[in-house]
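Trainee: Sharing a structure with you now.
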Amino acid sequence: MPRGPRIAPGGLIYHVFNRSAGKMHMFRKDADYVAFERVMLEAHERHPIRILSYCILSNHWHFVVWPREDGELSAFFRWLANTHAMRWRVAHRTVGYGHLYQGRFKSFPVQRDEHLLTVLRYVERNPLSAGLVRRAEAWRWGSLRARRDGRPELREMLSPWPVDGPADWESHVSAALTAKEVERMEVSMRRSRPFGRDRWVKQTVQRLGMEYTVRGEGRPRKNVE
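In the numbering used here, the protein residues as written are 684 to 908.
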């Protein structure tokens, strides 16, 4: 059965993520991360989408992006994932070994208010949540570090946010997310459900035809007579 078209009109903000097939560690050493950054910069030159944040971990990555035009999101991430997978297989001498990624990337729209700050914070504190660092800004492979002292080309790639964050953003990122914030994020990631206030989610679902993201999970219950 053919896959449906990606629903990602320009003007909305999206959290985008993808994982390796079988939880394989795609990024095993610094050179692997640097190679991905190189592909990321090339993808941005070809498809200059607004990147608000990103984080690269051993077997997955996250981005928060703000495309201007319809189709921009798919063009950027299709080129990014396909090119990275091809070059990774060549570099690791595993051409023909199957898919590097578990599938095409996943995404969901994010409301442009404090909900966006929650998503940005979630993405940039991922290494801390995973126990890889003691402070989120210590992780080298993400926008939190790049914004402060990353290579010039990485800083230039990042776009300004459409909302104001706390003055001490790094401390805010390192503070723990609430259980409710984590739960809502996980639901949106699992179901591609828009992330925002209830009214905005309802409007976005109707506008984009995403009713499937808010239906009850699991199989419908059978009527027992």
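All C-beta atoms, glycine included, are put in the ideal place defined by N, C-alpha and C.
1. Bridge partners of residue 789, per DSSP?
2. What does DSSP give as the partner residue(s) for residue 749 in the beta ladder?
3. Would you call the CB atoms of residue 699 and residue 790 closer than 8 Å?
4. Could you give the DSSP three-state label for residue 825: helix, strand or coil?
5. DSSP state of residue 743, grouped into three classes?
6. Rounded C-beta distance between residue 701 and residue 784? I'm assuming under 8 Å.
7. Just the C-alpha distance for residue 718 and residue 802, rounded to the nearest angstrom, thanks.
8. What whole-angstrom Cβ distance do residue 693 and residue 755 have, given they're in contact under 8 Å?
9. Start and end of the alpha helix (DSSP H) containing residue 764?
10. Taking the alpha helix (DSSP H) that residue 797 falls in, what are its first and last residues?
Mentor: Taking the geometry as given:
1. By one-based count along the sequence shown, residue 789 stands at place 106. DSSP lists 700 as partners of residue 789.
2. Position 66 of the sequence shown, counting from 1, holds the residue named residue 749. Its beta-bridge partners are 733.
3. Translated into positions along the sequence shown, residue 699 becomes position 16. Translated into positions along the sequence shown, residue 790 becomes position 107. The answer is yes: Cβ separation under 8 Å.
4. The sequence position of residue 825 within the sequence shown is 142, counting from 1. It is a strand residue.
5. Position 60 of the sequence shown, counted from the first residue, corresponds to residue 743. Residue 743: strand per DSSP, three-state reduction.
6. Taking the first residue of the sequence shown as position 1, residue 701 is located at position 18. Taking the first residue of the sequence shown as position 1, residue 784 is located at position 101. Confirmed, about 5 Å.
7. Position 35 of the sequence shown, counting from 1, holds the residue named residue 718. Position 119 of the sequence shown, counting from 1, holds the residue named residue 802. About 26 Å.
8. In the sequence shown, counting from the first residue as 1, residue 693 sits at position 10. In the sequence shown, counting from the first residue as 1, residue 755 sits at position 72. The pair is a contact, with the Cβ atoms about 6 Å apart (cut-off 8 Å).
9. Counted from its first residue, the sequence shown places residue 764 at position 81. Its alpha helix (DSSP H) spans residues 755 to 774.
10. Start at 1 with the first residue of the sequence shown, and residue 797 comes out as number 114. First-last of the alpha helix (DSSP H) with residue 797: 797 to 807.
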